[in-house]
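In terms of mature numbering (1 follows the signal peptide of the UniProt record, and there is no 0), the sequence shown is residues -27 to -1, 1 to 554. For every residue, glycine included, the Cβ atom is placed at its ideal position computed from N, Cα and C. Just so we're clear, the structure is a prediction, and the values are computed from it rather than from any experiment. One structure is given below, encoded as structure tokens.
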Amino acid sequence: MKHNYKRITALAGMTALLVSMPVSVYAGQIRNTYTANLSNVLGSVDVSALKGNPVVKGSNIVVDSDTDDWDDITSRTADAAGVKLWKAAVSSDYSKLYFMYEGTVQTEWDYSYMGSNPVSITYADGTTGISDKIQFTGWKDSAQAKNSWYGDIENSETVTVNNAHGNTAGPYVVEAAIPFDFFADSDFKITFAGTTVDIKDIEVLDGQKVEKDDTEAVYNGIVIDGEFADWDAVKKYDAVCPNDAHNECISKTAMMFDGDYVYVYVKDGTGGDASGAGAHSNGRYSITTDLGYELVFQLDSKGYVNGVDGVDCRHVGNQWEIAVPKSALPAYNKTISFGLYRSEPFISGTANIKDDGSLDDKIIYDIRYDGLYGDWEYYPHTTIQYSTAGTHHNMVDSAGALFSNESTVLGHVYTTMPEHLNEAGGEFTQAVTFKFNDSYNQVLYPRFVTVDEQGNINWNPKRDGLSDGTYEFYMFDTSAWGTSKNINELNDADICYGKMIVTVGSNRDECEFYFDLDKVAQKLGCDVSDFKQISAQFGRLGQEWINTAGASSGAWLGLFICIAGTCGVVVYKKKKGSIQV
């Protein structure tokens, strides 16, 4: 059904359009298309034939790049690169044809998806010309629908949103409303992205408002699929990068500990990418347990996670979702936290929503000085960082712990950092300081010596570059005279304060030690009760101080020190095992 001729004034615009066309266009074709489509410019289409179209509930669609109002419209398949699907609908008053398509774009600067897939209109009566194609053009906040001659379609609406982030691929949406006055007739077929649909099969909106479901999203688990809708029910936390050069490279985070996985959500900010976040722009993050242990990993802009086995990750546009297996977590009591490595966490106190039978709030520790170390696993530790947050390793450099029961201090330190492992024992036996009450006037600088089976003291033993195995050292002070020959015949200036066991391995070095507080108090000229805080620093591992936790941690501790009461003779094994005293 053809247009009525109404607006003769449009002839001037049509003439100008024809004059601007390339010379290569045949004059005959110009005349035919001009004549056939003049009515398109001047009149309106009789849409009565569309009254029999299928009807779908919904008021008219808002062209705003939010596709929620398209939910009930039939999705059409696409056979074109970068196009996922497309949809079309007729407005309830038959005045507009709504059109939408979506897919994936590779960069935030690529808008070729706007023009690479035109919409072809095939009329039943064979009409061709200015209205047999709809083309789209756009860039960031502007978009336009064009006719087959690339002129603007009058009274059309078009929007697009490109959700790629930098060079990270992301989804895009194109949404348009084309007035029916644009079409030469109401009997046509639409072909887009390899799929053809008759206008008679396009749904007509019934004009009834669809009430939006305003109920709160319900958590039903997370699937690592790059879709992110399942995160709607998880609380998001604001996040800011500590690096002033790009403190907006990260904007939101979320975490859910759900059964066998810890799920982490990260949203890039407007000023960069979360893979470059951090004081040293290295994209290293940490899941920290309530015992102080850290699981360090690095985000790669390509959507990878470095540093943890078994991780699943998707990075789509400006959003990340990550699944870390529970088996990869270090020891924890009840909760974990998440944030940039060596920075204040974005999220704290997240517990497993599925009770996994983890330890009770009160832990009974059975710590023994025996070189086995497993009894330290659930005792709170402090990270010791040598390379600062700019470490080039996806691991914590070192960690340590101290406990005092008012008569004895017991400690544990380990490292997995390759550079420290190269010292093979020296990282525990050199540059060590014990400080009391946070005062450098009350310090003990230990000197580590060895004792053979007969009790003979070696004041200058080999302390680093040790072969794999377990070793024991006796702890004196650097102010000792070092003149005593035998551990059982010490002069007054050579005081043995305690012992240290060192285990050297291929991928982990570890030590535990103890020292006698009564002897330390005598050296410092005070009473043991004066020691309110005791700290240790292992300078070869880093500058962090490890502080005593003691009973104030809220846990009852059973402390067992396997010694004979004084510094005695020791026989040690080259393999990790109990020390016989």
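For residue i, which beta-bridge partners are listed by DSSP?
| i | result |
| --- | --- |
| H138 | T141 |
| K240 | K225 and Q292 |
| P152 | K69 |
| L313 | Y258 |
| M448 | F421 and G471 |
| D171 | K162 |
| L58 | E75 |
| Y96 | F161 |
| N90 | In the DSSP output, where bridge partners are listed per residue, N90 has none listed. |
| K458 | Paired residue(s): none; K458 is not in a bridge. |
| V119 | Note that residue 119 corresponds to Lys in the displayed sequence, not to Val. Paired residue(s): Q108 and D125. |
| F511 | V405 |
| G442 | V477 |
In whole angstroms, what separates the C-alpha of residue i from that of residue j?
| i | j | result |
| --- | --- | --- |
| E445 | I474 | 4 Å |
| F488 | D343 | 14 Å |
| A137 | E189 | 28 Å |
| I151 | Y258 | 48 Å |
| K307 | A324 | 6 Å |
| S502 | P419 | 22 Å |
| S224 | T243 | 8 Å |
| I172 | K240 | 41 Å |
| K57 | D19 | 33 Å |
| W43 | I126 | 23 Å |
| E200 | D37 | 20 Å |
| A509 | T262 | 22 Å |
| T388 | E483 | 7 Å |
| S248 | L268 | 17 Å |
| D217 | H253 | 11 Å |
| Y470 | A212 | 47 Å |
| V35 | V28 | 18 Å |
| R341 | S440 | 24 Å |
| A453 | I468 | 7 Å |
| Y338 | Y351 | 8 Å |
| T164 | R315 | 55 Å |
| P353 | Y266 | 8 Å |
| D273 | R287 | 11 Å |
| S457 | V278 | 55 Å |
| G102 | D52 | 25 Å |
| G455 | E426 | 19 Å |
| V235 | Q79 | 29 Å |
Let me check understanding here. Comparing Cα to Cα, which of the options lies closest to residue i?
| i | options | result |
| --- | --- | --- |
| G194 | F156, D37, D263 and K327 | K327 |
| Y123 | A97, V92, V132 and N135 | V92 |
| G283 | I295, G139 and R513 | I295 |
| N120 | Y86, F155 and Y145 | F155 |
| V183 | V424, Y352 and D45 | D45 |
| K30 | I357, E176, S104 and H219 | E176 |
| E517 | A397, I163, A118 and A374 | A374 |
| P391 | S371, Y238, P27 and K408 | S371 |
| T110 | Y236, N216 and T131 | T131 |
| Y74 | A149, T169, G442 and D233 | A149 |
| T355 | G249, L264 and L58 | L264 |
| S115 | G290, T100 and V146 | V146 |
| G256 | W293, R436 and Y266 | W293 |
| A466 | N433, K496, D105 and F486 | K496 |
| P144 | F161, D205, G55 and D231 | G55 |
| L70 | S85, A118 and L439 | A118 |
| K24 | Y67, L490 and A61 | Y67 |
| A142 | T164, Q181, W82 and Y238 | W82 |
| G251 | K299, F319 and I507 | F319 |
| D98 | D41, S159, F153 and Y84 | S159 |
| G232 | S300, E426, W349 and Y346 | S300 |
| F311 | T476, Q271 and T40 | Q271 |
| L463 | I430, V405, Y210 and I507 | I430 |
| V289 | N90, L417 and T77 | T77 |
| I357 | A157, R513, K185 and W112 | R513 |
| V63 | N461, S32, L313 and G88 | S32 |
| residue 555 | F161, G139 and W112 | Nothing in the structure corresponds to residue 555, since the chain is present only between -27 and 554. |
| W112 | S85, T95 and Y96 | S85 |
Contact check, residue i vs residue j under 8 Å by CB: the rounded distance?
| i | j | result |
| --- | --- | --- |
| K492 | N410 | The pair is not a contact, with the Cβ atoms about 17 Å apart (cut-off 8 Å). |
| I260 | V297 | 7 Å |
| D179 | S65 | 6 Å |
| Y359 | G478 | Their Cβ separation, rounded to whole angstroms, is 19 Å, which puts Y359 and G478 out of contact at 8 Å. |
| T423 | T476 | Rounded, the Cβ-Cβ distance is 15 Å, inconsistent with contact. |
| V416 | F511 | That belief does not hold up - the Cβ atoms of V416 and F511 are roughly 14 Å apart, past 8 Å. |
Starting from the N-terminal side, write out each stretch of the beta strand (DSSP E) that is 3 residues or longer and does not extend beyond the region 358 to 427.
With a minimum length of 3 residues, the continuous beta strand (DSSP E) runs that stay inside the region 358 to 427 are 371 to 377, 381 to 388, 405 to 409, 412 to 417 and 419 to 424.
Which whole runs of the beta strand (DSSP E) in the region 249 to 308 are 3 residues long or more, in chain order?
Within the region 249 to 308, the complete beta strand (DSSP E) runs of at least 3 residues are 257 to 262, 267 to 273, 277 to 279, 285 to 289 and 292 to 298.
Extract the residue ranges of the alpha helix (DSSP H) inside the region 463 to 504, only unbroken runs of 4 or more that lie entirely within it.
With a minimum length of 4 residues, the continuous alpha helix (DSSP H) runs that stay inside the region 463 to 504 are 490 to 497.
4 or more residues per run - each alpha helix (DSSP H) lying fully within the region 176 to 236:
Within the region 176 to 236, no complete alpha helix (DSSP H) run reaches 4 residues.
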